[in-house]
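Under the UniProt record's numbering, the first residue of the sequence shown carries the number 1, and numbering increases by one thereafter. Think of the CB as a built atom: it goes at the ideal place given N, C-alpha and C, for glycine as much as any other residue.
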Amino acid sequence: MNSRLVIFQPSGQRGRVEEGKNLLEVSRELGVDIESVCGGTKTCGKCKVRVQRGFFERHGIHSQMEHLSPVTEEERELLTDDELSSGYRLACAAQVQGDVLLYVPEETRGGKQVVRKEVTLRKIDLNPAVKTHCVKLEKPTLADPLGDYERLLKTLAAQHGLEGLTAGRTVLARIPSALREKGWEVTVAVWMGKEILRILPGSSMRCYGLAVDIGTTTVAGYLCDLATGEVVAVHSLMNPQVTYGEDVMSRVTYIMTHEGGLEELHREIIGAMNQIVSQACKRAEVSSDEILELVVVGNTVMHHIFLNISPVGVGVSPFVPAVQQPVDVKASELGIAVNESANVHLLPIEAGFVGADNVGVLIAEAPYEKDEMQLIIDIGTNGEILVGNRDKLLSASCATGPALEGAHIKFGMRAAPGAIERVSIKPDTLDVEYRIIAGEGDQLARGICGSGIIDAIAEMFRVGIVEKSGRLNKSVVNPRLVQDGKSREFILAPKQETAIGKDITIAAGDVRAVQLAKGAIYAGSKILMNRLRIEKVDRVVLAGAFGTYIDRTGAMLMGMFPDCPLENVVAVGNAAGDGARMALLDINKRREADEQARRVEYVELTLEKDFEREFVEAMHFPHMTDRFPSLEGLLPRST
Numbered sequence: 001m002n003s004r005l006v007i008f009q010p011s012g013q014r015g016r017v018e019e020g021k022n023l024l025e026v027s028r029e030l031g032v033d034i035e036s037v038c039g040g041t042k043t044c045g046k047c048k049v050r051v052q053r054g055f056f057e058r059h060g061i062h063s064q065m066e067h068l069s070p071v072t073e074e075e076r077e078l079l080t081d082d083e084l085s086s087g088y089r090l091a092c093a094a095q096v097q098g099d100v101l102l103y104v105p106e107e108t109r110g111g112k113q114v115v116r117k118e119v120t121l122r123k124i125d126l127n128p129a130v131k132t133h134c135v136k137l138e139k140p141t142l143a144d145p146l147g148d149y150e151r152l153l154k155t156l157a158a159q160h161g162l163e164g165l166t167a168g169r170t171v172l173a174r175i176p177s178a179l180r181e182k183g184w185e186v187t188v189a190v191w192m193g194k195e196i197l198r199i200l201p202g203s204s205m206r207c208y209g210l211a212v213d214i215g216t217t218t219v220a221g222y223l224c225d226l227a228t229g230e231v232v233a234v235h236s237l238m239n240p241q242v243t244y245g246e247d248v249m250s251r252v253t254y255i256m257t258h259e260g261g262l263e264e265l266h267r268e269i270i271g272a273m274n275q276i277v278s279q280a281c282k283r284a285e286v287s288s289d290e291i292l293e294l295v296v297v298g299n300t301v302m303h304h305i306f307l308n309i310s311p312v313g314v315g316v317s318p319f320v321p322a323v324q325q326p327v328d329v330k331a332s333e334l335g336i337a338v339n340e341s342a343n344v345h346l347l348p349i350e351a352g353f354v355g356a357d358n359v360g361v362l363i364a365e366a367p368y369e370k371d372e373m374q375l376i377i378d379i380g381t382n383g384e385i386l387v388g389n390r391d392k393l394l395s396a397s398c399a400t401g402p403a404l405e406g407a408h409i410k411f412g413m414r415a416a417p418g419a420i421e422r423v424s425i426k427p428d429t430l431d432v433e434y435r436i437i438a439g440e441g442d443q444l445a446r447g448i449c450g451s452g453i454i455d456a457i458a459e460m461f462r463v464g465i466v467e468k469s470g471r472l473n474k475s476v477v478n479p480r481l482v483q484d485g486k487s488r489e490f491i492l493a494p495k496q497e498t499a500i501g502k503d504i505t506i507a508a509g510d511v512r513a514v515q516l517a518k519g520a521i522y523a524g525s526k527i528l529m530n531r532l533r534i535e536k537v538d539r540v541v542l543a544g545a546f547g548t549y550i551d552r553t554g555a556m557l558m559g560m561f562p563d564c565p566l567e568n569v570v571a572v573g574n575a576a577g578d579g580a581r582m583a584l585l586d587i588n589k590r591r592e593a594d595e596q597a598r599r600v601e602y603v604e605l606t607l608e609k610d611f612e613r614e615f616v617e618a619m620h621f622p623h624m625t626d627r628f629p630s631l632e633g634l635l636p637r638s639t
């Protein structure tokens, strides 16, 4: 098959690729970061690129529209006539048929996400799986010629009561030299009182562990000193799988429809894991060989892909995971660049899409120890809900992320420099004040991230631009309310204030997309509350980085969750990551996680007969019928 030259600007990445490949596949091959919310299914319209037409002597390329496959029906629906005539195509739809030079516009570039996964202070008992033991051995003699390994085992049993230990080949190979280097005094690291992971000459050894939260959008790692429990470094990055689709189902679909798709996504997450290891070690001045255990959490799909296990069973009814119980596997089996004897422990999965990340939240917040009725929402790309107390706990999963992470929003983007993250609107003039995420140098707005979308729509509802039903109020007349084709839109940032040369607006379709997301969370919460026969909760806990940065008043104003006194609505940060860290530092938390995960009753929302009705009612702002006494004075008079 013929190869064709493809060049992406402004990054300058280029390469020869097989004719017939689509530009999204080519971008991945060449390392060009292009937004692809839907995973290449031609439904989101976010992967726009523009064909540069003519002969470009500098690049030695003759580029024409005809060097790509004909425009598809999906592109005609998702691109405007002006965009099509200006040379825009969707990377997922356009196939290479000749040499082509492409420009990736600002709004299409993946950018560097601002990943906020700080450490939360938690009380953790220190009882790690890996402990160090120093021993002094008797030298062998002709009268006592016991082998080095057997002598070490005998001494560990006598001095520390450690019986029946095993060791891998690498450790066995290091024992002779370690014993003789410092006069038969050595320190060993032992996992769970069962296996020797490392041996060093002398009386000391540094020992570290890594807790990792594999989110659908972000991956966060916490490097901990296992002797003190101290977090010595934190490193977070975007999950590189986002270029294959931002929600779990699009990744399951990718695996189902692409030969080798599972291995491809597995390599991506292992690569991300190794980046975290490298950067955290560099920051803390730790050798990766000193990392002797990892504890990993993630939703069921992320969990399975990390283990290179197909998640396809979770994606189709009856939504069955390949494995639910806790898993222990060697880091070397997965290709993680730490000590080759290191163990990787994954917390158990509850059921369906509710995975080890929700179990991490469970042990971090411990609602099973409390009398007060709690609603815990882990707001991420895949939303997970817990309701209950010590008597009973219910859990559910709902698709929330795409809209709240910027997908299906006309000017939506991830939390990157230039993203509008806070919005306020003056009720008398409808003038807008906004705050953007800062980057290097002067920063202009280039889109809206999740917290900004929540703020903007909550404010538009508060001042009367958006009606209770979600429609834009036709009786409101203001220069900021404009018509774009069939869509009525509200201007947040005029084009002279943006980096993309366009007005950044909230369109009627954006409001609808957020209604779908918030409606799913609210309806899921109500289904669980109805199951428990309660009308209200005592406390609402917002977990996850997204939950931390949204405004709780705005979130309740638009009806993301049922009424609760605002002082009892709390954000707890990355509770899933905290749970992983607790299980890393205290093995009793692992037993607790397994016990509690089996106690939680999972509710499959798609099978609930009342879910559709609850969902329709929850689509209204803040709700069709439910009352919100905690918002007294904040809601528009019409509600």
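Self-check item: Rounded Cβ spacing between residue 344 and residue 329 (contact assumed at less than 8 Å)
Solution: That belief holds up - the Cβ atoms of residue 344 and residue 329 are roughly 5 Å apart, short of 8 Å.
Quiz item: Do the stretch 383-392 and the stretch 342-362 meet, that is, are 3 or more Cβ pairs less than 8 Å apart?
Solution: With the cut-off at 8 Å, the stretch 383-392 and the stretch 342-362 touch.
Exercise. Count the C-beta pairs between the stretch 60-72 and the stretch 94-102 that are closer than 8 Å, then say yes if the count reaches three, no if not.
Key: Verdict: yes, contact present.
Exercise. If I'm right that residue 350 touches residue 359 with Cβ under 8 Å, what's the distance once you round it to whole angstroms?
Key: At roughly 6 Å, the Cβ-Cβ gap stays under 8 Å, so residue 350 and residue 359 are in contact.
Quiz item: Using a beta-carbon distance below 8 Å, is residue 419 in contact with chain B?
Solution: Structure shown: chain B not included; a single protein chain is present.
Practice problem: Flag this pair as yes or no: are the beta carbons of residue 423 and residue 452 separated by less than 8 Å? | Solution: The Cβ atoms of residue 423 and residue 452 lie closer than 8 Å to each other.
Quiz item: Which residue comes first and which comes last in the beta strand (DSSP E) that contains residue 222?
Solution: Membership of residue 222 in the beta strand (DSSP E) is indicated by the continuous run 218-225.
Quiz item: At a cut of 8 Å, does the stretch 586-601 reach the stretch 124-132 through at least three beta carbon pairs?
Solution: Touching, per the Cβ criterion.
Exercise. Taking all protein chains shown into account, decide if residue 486 is buried (16 or more other Cβ within 10 angstroms of its Cβ) or exposed.
Key: So residue 486 ends up on the exposed side.
Quiz prompt | 6 Å Cβ shell around residue 235 - same chain, five flanking residues per side excluded | solution = The residues are 221, 276, 279 and 280.
Quiz item: Within this structure, are the beta carbons of residue 378 and residue 211 separated by less than 8 Å?
Solution: Taking 8 Å as the Cβ cut-off, residue 378 and residue 211 do not qualify as a contacting pair.
Quiz item: Counting Cβ pairs closer than 8 Å, one from the stretch 196-210 and one from the stretch 174-187, do we hit at least three?
Solution: At 8 Å Cβ cutoff, the stretches touch.
Practice problem: Could you tell me the boundaries of the alpha helix (DSSP H) in which residue 274 lies? | Solution: Start and end: 261-284.
Quiz item: Looking only at its own chain, which residues have a Cβ that is under 6 Å from the Cβ of residue 489, when we skip the five neighbours before and after it?
Solution: The answer, listed in chain order, is 482, 505 and 507.
Exercise. State the DSSP-derived secondary structure class of residue 239, mapped to helix, strand or coil.
Key: Secondary structure of residue 239 (DSSP, three-state): coil.
Self-check item: Stretch pair the stretch 31-38 + the stretch 132-151: three plus CB contacts closer than 8 Å
Solution: Counting Cβ pairs under 8 Å, fewer than three are found: no touch.
Self-check item: Continuous alpha helix (DSSP H) assignments of at least 4 residues falling wholly in the stretch 527-586
Solution: Within the stretch 527-586, the complete alpha helix (DSSP H) runs of at least 4 residues are 544-549, 552-557 and 575-585.
Quiz item: Can you check whether the CB of residue 253 is closer than 8 Å to the CB of residue 239?
Solution: No, they are not a contact pair.
Exercise. Return yes when the Cβ of residue 411 is within less than 8 Å of the Cβ of residue 558, no when it is not.
Key: For residue 558 and residue 411, no; Cβs fall outside 8 Å.
Self-check item: Start-end ranges of the beta strand (DSSP E) lying completely within the stretch 395-436, minimum 3 residues
Solution: If we require 3 residues or more, the beta strand (DSSP E) runs fully inside the stretch 395-436 come out as 419-425 and 432-436.
Self-check item: Cβ shell of residue 249 (< 7 Å), same chain only, five flanking positions each side left out
Solution: Beyond the five residues adjoining it in sequence on each side, residue 249 comes within less than 7 Å, by CB distance, of 315 in the same chain, given in chain order.
Practice problem: Output the residue ranges of the alpha helix (DSSP H) runs that lie fully inside the stretch 305-374 and measure 4 residues or longer, sorted by chain position. | Solution: Unbroken alpha helix (DSSP H) runs of no fewer than 4 residues, entirely contained in the stretch 305-374, are found at 312-315, 331-334 and 356-365, following chain order.
Quiz prompt | Spatially closest choice to residue 287 from 274, 607, 469 and 123, by CA coordinates | solution = Taking only the C-alpha atoms, the option nearest residue 287 is 274.
Exercise. Determine the DSSP secondary structure at residue 450, reduced to helix, strand or coil.
Key: Helix.
Quiz item: Between residue 501 and residue 8, what straight-line distance do the alpha-carbon atoms span, to the nearest angstrom?
Solution: Taking the CA atoms as reference points, residue 501 sits about 21 Å from residue 8.
Quiz item: Quick one: what's residue 596 bridged to in DSSP?
Solution: According to DSSP, which records beta bridges pairwise, residue 596 is partnered with nothing at all.
Quiz item: Who are the near neighbours of residue 146 in its chain, counting only those whose CB is closer than 8 Å to its CB and skipping five residues on each side?
Solution: Apart from sequence neighbours up to five positions away, the residues of its chain that approach residue 146 with a beta-carbon distance below 8 Å are 140 and 154, ordered along the chain.
Practice problem: Would you mind sorting residue 470 into buried or exposed? The rule is 16 or more other CB atoms within 10 Å of its CB. | Solution: Its Cβ being crowded by 16 or more others within 10 Å, residue 470 is buried.
Self-check item: Own chain partners of residue 191 with C-beta closer than 6 Å, once the 5 adjacent residues on each side are dropped
Solution: Cβ neighbours of residue 191 beyond the five flanking positions: 129, 130, 197 and 343.
Quiz item: Going by the beta-carbon positions, is the gap between residue 398 and residue 521 smaller than 8 Å?
Solution: The criterion of a C-beta distance shorter than 8 Å is satisfied by residue 398 and residue 521.
Self-check item: Cross-strand partners of residue 191 (DSSP beta bridge)
Solution: Per DSSP, 130 and 195.
Practice problem: Determine the DSSP secondary structure at residue 10, reduced to helix, strand or coil. | Solution: The three-state reading of DSSP puts residue 10 in coil, since its state is none of H, G, I, E or B.
Practice problem: Pull up the DSSP beta-bridge partners for residue 293, would you. | Solution: Here residue 293 is bridged, per DSSP, to 209 and 343.
Quiz item: Which whole-angstrom value is the C-beta distance of residue 45 and residue 78, which I expect to be below 8 Å?
Solution: About 4 Å separates the beta carbon of residue 45 from that of residue 78, a gap short enough to meet the 8 Å contact definition.
Quiz item: Which stretch, first to last residue, makes up the beta strand (DSSP E) that contains residue 482?
Solution: Element bounds for residue 482: 481-484.
Quiz prompt | Of the residues 598, 466 and 74, the one placed nearest residue 41, counting alpha carbons only | solution = Checked all of 598, 466 and 74; the closest Cα to residue 41 is 74.
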